[in-house]
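The opening residue of the sequence shown carries number 1 in full-length UniProt numbering; numbering runs sequentially from there. Note that beta-carbon positions come from the ideal geometry of N, C-alpha and C, so glycine has one too.
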Amino acid sequence: MVNTVMNEALRVRVARIAREAEDILSYELVAEDGGALAAFEAGAHLDVRIPGRESTLRSYSLCNDPEETHRYVIAVQRDAKGRGGSRAMHERVHEGDVLVVSPPRNDFPLLFARGYVLVAGGIGVTPLLSMARQLQRTGTPYTMYYCARAPERAAFRELLSTPPFAEHVRFHFDGGDPDKGLDVSGLLSTRAPGTRLYCCGPAGLMKAVRDASARHRWPWEKVHFESFGAEGVGALAAKEDTDFEVTIRSTGQVLSVPKGQSVLNVLRRNGLRVTSDCEAGSCGTCVTRVCEGEPEHRDTFFQQEPAGNQRMLICVSRARSKRLVLDL
């Protein structure tokens with residue numbers, strides 16, 4: 001999901017561009033001034049201002065190790081049928097160029113677990129690669145299942161086919177035939193205690209994983225998704241924030257939620273205490289009942305159990321309507 005507010009924009013230089021697979025390039029970004037970059041966590045993404053006549057903003061997941069403070073690495077798949085962002089990155093951005101990016105944001109955090117199952121499809125491997133790097137470094141058990149049409153279309157295949165990743169990564173190539181896809185149901189038929197499942201990839205894979213995890217009774221709070229496409233993070237659509245109001249039901253107090261600010265932060269600034277934890281839309285701690293109005297869900301927590309219009313995670317979700325009445 002694109003954060004259109006770039007008040008804390010960073011200037012980075014493209015230090016290296018590498019071909020990672022057919023139609024996929026990686027971009028190594030370093031601080032223009034040569035200093036350390038803002039820290040990030042596995043699963044985080046950057047909003048990138050793509051140069052051109054019409055300035056374009058796209059979000060791309062970071063795929064390097066969160067321990068690295070000297071660089072950011074993103075990967076972009078060229079999509080001839082996309083909205084132009086990926087084509088512009090491939091055609092207009094060169095080594096040595098300076099780009100404007102946002103500080104890292106994380107709507108897909110790696111929450112604590114005893115072990116992890118990572119399911120990637122195509123370019124959706126990027127946030128999971130960052131997770132795998134962290135899990136590898138910390139010695140945490142994990143297995144990654146990486147689906148692609150063919151070996152030449154699997155980003156970072158050479159890296160993931162060599163130690164220390166090779167023993168944890170299982171590739172599946174279907175030749176573009178859905179009938180030859182990964183046996184997701186078989187894969188998820190058993191679950192080791194304390195395991196979390198993370199999935200990022202195309203819609204078909206996401207649906208298969210969602211359906212299978214529900215069928216085999218994985219706890220829905222242990223299953224995490226991020227929509228992804230060649231044009232970037234967030235279900236392919238860049239949604240611009242708009243201002244709206246929230247009314248506190250118990251007091252009648254009306255508060256304005258401006259662009260770039262979360263409901264949670266606005267409530268806190270106005271003296272309301274609301275319990276929260278991850279503040280990235282994944283844990284469900286800040287779930288709040290909606291009495292009136294229509295929320296715009298931007299979380300990953302409710303993807304297994306749709307929230308409807310009766311509740312929302314106020315740390316990330318916003319409003320479709322001009323006003324929300326919250327049961328606070």
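| message | Suppose the cutoff is 7 Å on Cβ atoms and the five residues either side in sequence are ignored; what does the same chain contact list for Leu-62 look like? | response | Phe-40, Ala-44, His-45, Leu-46, Tyr-72, Val-73, Ile-74, Pro-104, Ser-130
| request: Compare the C-alpha of Pro-164 against each of Ala-148, Pro-151, Leu-135 and name the closest. | output: Leu-135
| query | Excluding the five sequence neighbours on either side, which residues of its own chain have a C-beta within less than 7 Å of the C-beta of Leu-182, listed in chain order? | reply | Tyr-145, Cys-147, His-172
| Span separating the alpha-carbon of Ser-227 from that of Leu-197 | 15 Å
| query | With distances taken between CB atoms, is the gap from Ile-314 to Thr-285 smaller than 8 Å? | reply | no
| field | Best match in Gly-122, Arg-298, Thr-275, Val-14 for proximity to Leu-205 [C-alpha to C-alpha] | value | Gly-122
| message | Please state whether the Cβ-Cβ distance between Arg-114 and Thr-143 is less than 8 Å. | response | no
| task | With distances taken Cα to Cα, identify the nearest neighbour of Leu-326 among Val-93, Glu-20, Leu-255, Thr-126. | result | Leu-255
| task | Look at the alpha carbon of Leu-99 and the alpha carbon of Ala-42, and state the distance between them as a whole number of angstroms. | result | 22 Å
| said: Rounded to whole angstroms, what is the Cα-Cα separation between Arg-323 and Gly-252? | reply: 13 Å
| field | From Asn-64, Arg-49, Val-117, Asn-270, residue whose alpha carbon lies closest to that of Met-89 | value | Arg-49
| task | Would you mind working out which of Leu-328, Gly-124, Ser-59 sits nearest Ser-102, comparing C-alpha positions? | result | Ser-59
| said: Please state the DSSP three-state secondary structure of Glu-8. | reply: coil
| task | Could you pull out every unbroken beta strand (DSSP E) segment of at least 3 residues lying fully inside the stretch 31 to 72, listed in chain order? | result | 45 to 50, 56 to 61
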